[in-house]
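For reference, the structure is listed below as C-alpha cells.
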Amino acid sequence: MAKLYKTTLLIVITLVVIIYAKIFLILEMPTHDSIMWYGVFHYYMESFISGSIPYWDPYTVTGMPFYPNIPLNGLLDPLVLPIAVFTKLFDLSLLTGFIYLHLARMVIFAWGAYYLFRYISKCPLSSLVSAGVLFLAIAPVNFRQSEVDVVFLTPFALYFLLKFFDVEGVSKKYLYFLLFVLLTGI
C-alpha cells in the first residue's frame with residue numbers, strides 16, 4: 051500500500067509539473083483578473099522590502115487607505131513574508147514572486163484538502179488522488195480569477211476544527227492551529 055501511495059503521489063506531482071511547467075518556470079503567467087492585483091502587490095512588496103509599510107494604496111479605486119483593503123489583497127497572508135525573502139534572496143522580479151505566491155496558495159489549498167479528505171475518508175490513497183484532481187480542477191480557474199487566494203486556508207481550518215472536536219483525540223494543538231489559520235485567513 052505504501053508503494054502504491056508513493057507511486058500515486060509521484061504521478062500526481064508529475065502531472066501537475068508537466069501541465070503547468072510553463073507557469074512554474076515563469077514562461078507564462080496568470081492572466082485576466084488574477085493579474086489585476088499585481089500593482090497593489092508590487093507596491094506593497096517594494097515598500098516592505100525597502101523597510102517601510104505603506105499607508106496608502108495608489109492602485110485601488112484611484113487611491114485609498116491600505117489597511118481596510120489589506121485582507122482583500124492578501125497582503126497580511128503569512129506566505130507574503132517568505133515570498134519577499136525569496137524574491138530578495140534570489141534577486142527575482144516581484145512579478146515572479148506574485149506568480150509563486152499564487153502557486154503556493156494553490157498547493158496549500160490542495161494540501162489542506164488532502165488532510166481533510168484523509169480525515170473524512172480514512173484512506174490516504176483516495177485522498178491523494180482527490181487532492182490531485184482538485185488541484186488540477188482549480189488551477190485553470192485560479193490562474194484567471196484568483197478565486198482560491200481568498201479561501202486557500204479553508205480546508206486546513208476545517209481539518210483542524212474537525213480534529214479539535216474529535217472526541218477520541220482532543221488536543222489543544224489543533225485549537226491553536228485552528229486559531230492561527232482563522233486569524234491569518236481573516
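Position 124 of the sequence shown, counting from 1, maps to 174 under our numbering, and the rest follow consecutively.
Quick reminder that beta carbons are idealized off the backbone N, C-alpha and C, glycines included.
Note that the structure is predicted; figures quoted are calculated from it, not measured.
Would you kindly report the start and end of the unbroken alpha helix (DSSP H) that includes residue i?
{"i": "P128", "result": "Premise fails: P128 is in no alpha helix (DSSP H) and is neither H nor E."}
{"i": "V66", "result": "A52 to I69"}
{"i": "L142", "result": "Note, L142: premise wrong, no alpha helix (DSSP H); not H, not E."}
{"i": "D96", "result": "This sequence places Glu at residue 96; Asp is not what is there. Residues Y88 to I99."}
{"i": "K213", "result": "T204 to F214"}
{"i": "P104", "result": "Counting along the chain, P104 falls outside any alpha helix (DSSP H), and DSSP gives it neither H nor E."}
{"i": "V179", "result": "P174 to Q195"}
Can you give me the Cβ contacts of residue i inside the same chain, cut-off strictly under 6 angstroms, excluding the 5 residues immediately before and after it?
{"i": "I188", "result": "V198"}
{"i": "I158", "result": "F202"}
{"i": "L225", "result": "F214"}
Output needed for residue i: all residues of its chain with C-beta closer than 7 angstroms, excluding positions within five of it in sequence on either side, in chain order.
{"i": "T137", "result": "L144, T146 and G147"}
{"i": "L212", "result": "Y169"}
{"i": "L54", "result": "L175"}
{"i": "I68", "result": "none"}
{"i": "L184", "result": "A160 and A163"}
{"i": "A71", "result": "none"}
{"i": "L166", "result": "P205, L208 and Y209"}
{"i": "S171", "result": "S177"}
{"i": "F227", "result": "F210"}
Between the options, which has its C-alpha nearest residue i's C-alpha?
{"i": "L229", "options": "V201, S180 and F210", "result": "F210"}
{"i": "F98", "options": "A163, P190, K53 and V130", "result": "V130"}
{"i": "A163", "options": "S180, Y88, G101 and K56", "result": "S180"}
{"i": "V191", "options": "Y165, M156, F215 and P205", "result": "M156"}
{"i": "M86", "options": "I133, Q195 and K56", "result": "Q195"}
{"i": "T58", "options": "D216, G182, F140 and E96", "result": "G182"}
{"i": "I61", "options": "Y226, F202 and L178", "result": "L178"}
{"i": "A52", "options": "L77, V111, C173 and K222", "result": "C173"}
{"i": "S100", "options": "A134, V111 and Y226", "result": "A134"}
{"i": "F91", "options": "D141, L142 and L151", "result": "L151"}
{"i": "Y109", "options": "D127, Y88, D141 and K56", "result": "Y88"}
{"i": "D127", "options": "D216, V200, K223 and K222", "result": "V200"}
Counting only the same chain and skipping the five closest in sequence on each side, list residues whose C-beta sits under 8 angstroms from that of residue i.
{"i": "M114", "result": "W106 and D107"}
{"i": "I73", "result": "M79, P80, I149, L153 and F193"}
{"i": "L96", "result": "According to the sequence as given, residue 96 is Glu; it is not Leu. Closer than 8 angstroms at Cβ, skipping near neighbours: L144."}
Please look up how many angstroms separate the CB atoms of residue i and residue j, rounded, as I've assumed it's under 8 angstroms.
{"i": "L186", "j": "L65", "result": "7 angstroms"}
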